[in-house]
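Using the working numbering, you'd call the opening residue of the sequence shown number -13 and step up by one each time. Cβ coordinates follow ideal geometry from the N, Cα and C atoms, glycine included. Every value quoted in this text rests on a predicted model; they were computed, and no experiment measured them.
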Amino acid sequence: MKTNLYRQKLLILDFGSQYTQLIARRVREANVYCEIHPCNMGIKKIKAFGAKGIVLSGGPASIYDKDAPMADKGIFNLGVPILGICYGMQFITHALGGIVEKAAEREYGNTKIRVNADEAIFKGLEGNKRYTVWMSHGDRIDRMPNGFVALASSKNCPVAAMVDSSKRFFGVQFHPEVAHTPDGTKILRNFLFRICGCEPTWTMSSFIERTIRSMRETIGNERVICGLSGGVDSSVTAVLLHRAIKDRLSCILVDNGLLRKGEALEVMEVFRNHYGMDLHLVDAAEHFLKRLKGVTDPEEKRKIIGREFISVFESKAKVLGKAKYLAQGTLYPDVIESVSFKGPSATIKSHHNVGGLPEVMKLELIEPLRELFKDEVREVGRQLGLPQELVMRQPFPGPGLAVRILGEVTPDRLEILRNSDVIVLDEITKAGFYEKVWQSFAVLLPVRTVGVMGDERTYDNVIAVRVVDSLDAMTADWSKLPYDVLGRISNRIINTVKGVNRVVYDISSKPPSTIEWE
Ligand code: XMP
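Listed below in structure tokens is the structure:
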């Protein structure tokens, strides 16, 4: 489905910075639509995109590297404002005839800058005052291109910001998009509204309205099927579609026996009873467990589950009648074609939930959330009336608890994990951390350890508790939970879950570990 009905948009050219998505999120939060494209996007495409302004992101390279990423210099002739951030500023300097020099030392972290000019981009900031900004750069500007003047300086960086006001080209050496630059949002908003003249028209209610309209046009009188998992993305996809085409949408929930306690019933309750959707629960638990019998290899588990999911889904869909489309909850971060300096990233784990389905079933895809970030999806969910627990639900892997049971997946081991998992979630929620952390769950280890309960020696299972903080799951850190919360989780699990006599807390970050254990 080709979307993009937004005229007020901003283009972000990506030079590979880890913060590029943050720029986009800040712009969207200001209610301006934007897209991220690789820095080498062709000038014809850039013109066709029709942006009101362009942001050049930061990046890890040095402008003098042999393969330093470059954008088409034609962007400087489009007559639209340009803001270069960090490497983006160095690119502007280099491309327009200035000089970038290698600084003796990297400047990294919180830095003070002094704003020394009255310019629209710094509106709301006072001249001659010092502001905290986040810097992360090796190179710096030695000589600005003709026509530019310096707007700010720091101790190590005489040109911390610059402008050519006649052309409306700006450069900042620091990162206004990160939270460590407290006035960064103000600066970005100045660029959007005062300089590019954008209007704040990108709102989730306008998104809902337009998306429903365009889905109706695309789908016509055809039927759509949608796999529901109970996660935020598939739930919001289903509700949006249901609004658009009502009973021409059929949803399938495959209970693979690897869901969390009570999850399948909860999803049925919301979607069938509350929304009145045509929802079909396929109880395939036994079937999946049979296929997983004796399997201990993580990749093999994932492959089996992916394959079985396709076959179960396909046979149910056949019974439901002919559909032309399959709806999927793909989000914008999955779509962004970012610049990778490390070559194609290796497949670390097979992430297949519904992968392969459209080809097997010869279905066309409908992906209404393709333009959205997760927080925007949540807002859409809220506006569509989904319950808060569902809207804020933590991510859950497609292969479910199978990748949290190390070793063989058996009904007994599933029972131990489910009962432990409920306790982790309950204590995390009660302590107010459920929505603050990225994920919190229990993992059942394939080892047994010695313990003592009463007068008896025990030889039982170990549960690992995994709680992480993350922005996008690409990197994550273990959550520094208060000891008493960890203590309550451990006591409750050991005292009430039969078969567990030890609880450990996972204190590894990603990388080098991953969030899930398999
Ligand atoms: P890892 O373990 O690779 O996980 O650090 C990153 C994020 O992805 C989730 N995850 C999955 N999600 N299907 C999914 O839909 C999968 O097969 C899968 N494996 C991992 C994981 O929970 C974390 O949020």
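My guess is that residue i and residue j are in contact by the Cβ rule of under 8 Å, so how many angstroms apart are they, rounded?
{"i": "A545", "j": "I238", "result": "What is shown of the chain runs -13 to 504, which leaves residue 545 out entirely."}
{"i": "G133", "j": "D150", "result": "4 Å"}
{"i": "W464", "j": "S494", "result": "6 Å"}
{"i": "V240", "j": "F299", "result": "6 Å"}
{"i": "Y73", "j": "F1", "result": "5 Å"}
{"i": "G84", "j": "I127", "result": "6 Å"}
{"i": "S236", "j": "L349", "result": "Contact flag wrong, Cβ pair sits at about 12 Å."}
{"i": "E504", "j": "K287", "result": "7 Å"}
{"i": "L278", "j": "I290", "result": "6 Å"}
{"i": "T118", "j": "P168", "result": "6 Å"}
{"i": "I296", "j": "V346", "result": "6 Å"}
{"i": "Y318", "j": "R356", "result": "6 Å"}
{"i": "I231", "j": "F155", "result": "Actually they do not touch by this definition, with Cβ atoms about 47 Å apart."}
{"i": "M148", "j": "V366", "result": "Contact doesn't hold; Cβ gap of about 39 Å is too wide."}
{"i": "T197", "j": "P354", "result": "5 Å"}
{"i": "K109", "j": "N176", "result": "5 Å"}
{"i": "M75", "j": "G157", "result": "3 Å"}
{"i": "M13", "j": "L178", "result": "Looking at the sequence shown, residue 13 is not Met but Val. Between L178 and V13 the Cβ distance is about 7 Å, and since that is below 8 Å, they are a contact."}
{"i": "I194", "j": "L214", "result": "Between L214 and I194 the Cβ distance is about 19 Å, and since that is not below 8 Å, they are no contact."}
Measure the CB-CB distance between residue i and residue j and report whether it falls below 9 Å.
{"i": "T187", "j": "N17", "result": "yes"}
{"i": "I449", "j": "V429", "result": "yes"}
{"i": "D125", "j": "Y5", "result": "no"}
{"i": "V451", "j": "V410", "result": "yes"}
{"i": "A81", "j": "M121", "result": "no"}
{"i": "G506", "j": "H23", "result": "Outside the shown range of the chain, which is -13 to 504, sits residue 506, and nothing can be said about it."}
{"i": "L508", "j": "L387", "result": "The chain is shown from -13 up to 504; residue 508 falls before or after that span and cannot be answered."}
{"i": "K31", "j": "V66", "result": "no"}
{"i": "N313", "j": "L351", "result": "Residue 313 is actually Ala in this sequence, not Asn. Yes. Within cutoff."}
{"i": "R199", "j": "L370", "result": "no"}
{"i": "F257", "j": "A224", "result": "yes"}
{"i": "L42", "j": "L69", "result": "yes"}
{"i": "D219", "j": "V363", "result": "yes"}
{"i": "F359", "j": "R11", "result": "yes"}
{"i": "E163", "j": "I107", "result": "no"}
{"i": "V453", "j": "D407", "result": "no"}
{"i": "A89", "j": "C143", "result": "yes"}
{"i": "K59", "j": "L111", "result": "no"}
{"i": "G262", "j": "F382", "result": "no"}
{"i": "E294", "j": "N242", "result": "yes"}
{"i": "G509", "j": "S3", "result": "Nothing can be reported for residue 509: it is not among the residues displayed for the chain, which extend from -13 to 504."}
{"i": "I480", "j": "R488", "result": "yes"}
{"i": "G384", "j": "G315", "result": "no"}
{"i": "L64", "j": "K33", "result": "yes"}
{"i": "T461", "j": "K496", "result": "yes"}
What does DSSP give as the partner residues of residue i in its beta bridges?
{"i": "H266", "result": "I238"}
{"i": "F1", "result": "BP columns for F1 are empty, so no partner."}
{"i": "M439", "result": "E442"}
{"i": "Q425", "result": "V454"}
{"i": "L137", "result": "According to DSSP, L137 bridges with nothing at all."}
{"i": "P24", "result": "D0"}
{"i": "R488", "result": "V448"}
{"i": "D463", "result": "D455"}
{"i": "I40", "result": "L(-3), I68"}
{"i": "R434", "result": "N447"}
{"i": "L349", "result": "In the DSSP output, where bridge partners are listed per residue, L349 has none listed."}
{"i": "K31", "result": "Beta-bridge pairing links K31 to no other residue."}
{"i": "Y261", "result": "Paired residue(s): none; Y261 is not in a bridge."}
{"i": "I49", "result": "Beta-bridge pairing links I49 to no other residue."}
{"i": "I85", "result": "R129"}
{"i": "K496", "result": "A462"}
{"i": "Y510", "result": "Look at the range of the chain in this structure, -13 to 504, and you will see that residue 510 is not part of it."}
{"i": "A313", "result": "C212, I352"}
{"i": "Y19", "result": "K(-5)"}
{"i": "F156", "result": "L69, V149"}
Taking 8 Å as the cut-off, does the CB of residue i come closer than this to any heavy atom belonging to the ligand NAP?
{"i": "G262", "result": "The model depicted lacks the ligand NAP and carries the ligand XMP instead."}
Any 3 or more C-beta pairs closer than 8 Å across the stretch 275 to 282 and the stretch 181 to 201 | no
Touching by the beta-carbon criterion (3+ pairs, under 8 Å), the stretch 431 to 442 and the stretch 413 to 421 = no
Taking one C-beta from the stretch 203 to 211 and one from the stretch 367 to 379 each time, how about it: are there three or more such pairs within less than 8 Å?
-> no
Three or more C-beta pairs below 8 Å linking the stretch 96 to 103 and the stretch 134 to 154 = yes
contact_flag[the stretch 19 to 37, the stretch -7 to 11] where n(CB pairs < 8 Å) is 3 or more | yes
With a floor of 4 residues, list each alpha helix (DSSP H) that falls wholly inside the stretch 158 to 212, ordered by position along the chain.
-> 170 to 175, 190 to 205
Which runs of the beta strand (DSSP E) fall wholly inside the stretch 90 to 149 and span at least 3 residues, in chain order?
-> 116 to 129, 135 to 139
Complete runs of the beta strand (DSSP E) confined to the stretch 366 to 393 [at least 3 residues] | none
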